[in-house]
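**Student:** The structure under discussion is supplied below as structure tokens; questions concerning it will follow.
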Amino acid sequence: MKTITYAEVQQLVTKIPETELPLAYCLLAELAVEEPQSPQAAFMRLSVDERRQVLAQQAE
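Residue numbering for the sequence shown follows this note's numbering, starting at 1 and increasing by one per position.
Now the structure itself:
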């Protein structure tokens, strides 16, 4: 399955009619509660330097 970025989700949200935003918000909030933060999301929140360091350590 393709990894989806936060930017892609944001783009989708801008296309949702305002009347549907509460439903979209509830769905996303529910998903956030049910699933702990993924390792990919945690990695993407690191600074560029931290990501490089992690990748260098994994390459050793």
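Even for Gly, the Cβ is constructed at its ideal location relative to N, Cα and C.
Since the structure is predicted, the reported quantities are computational estimates derived from the model, not experimental observations.
Just how far apart, CA to CA, sit Thr5 and Ala56?
**Tutor:** Straight-line Cα distance between these residues: approximately 23 Å.
**Student:** Just to check my reading of the structure: Val54 and Leu46 have Cβ atoms closer than 8 Å, yes? What is that Cβ distance to the nearest angstrom?
**Tutor:** Yes, they are in contact, since the Cβ atoms of Val54 and Leu46 sit about 7 Å apart, within 8 Å.
**Student:** So what does DSSP say about Thr3, is it helix, strand or coil?
**Tutor:** Thr3 falls in the coil class under three-state DSSP.
**Student:** Under the three-state reduction of DSSP, which class applies to Glu30: helix, strand or coil?
**Tutor:** Helix at Glu30.
**Student:** For Leu46, which three-state DSSP category applies?
**Tutor:** In this structure, Leu46 counts as coil in the three-state DSSP scheme.
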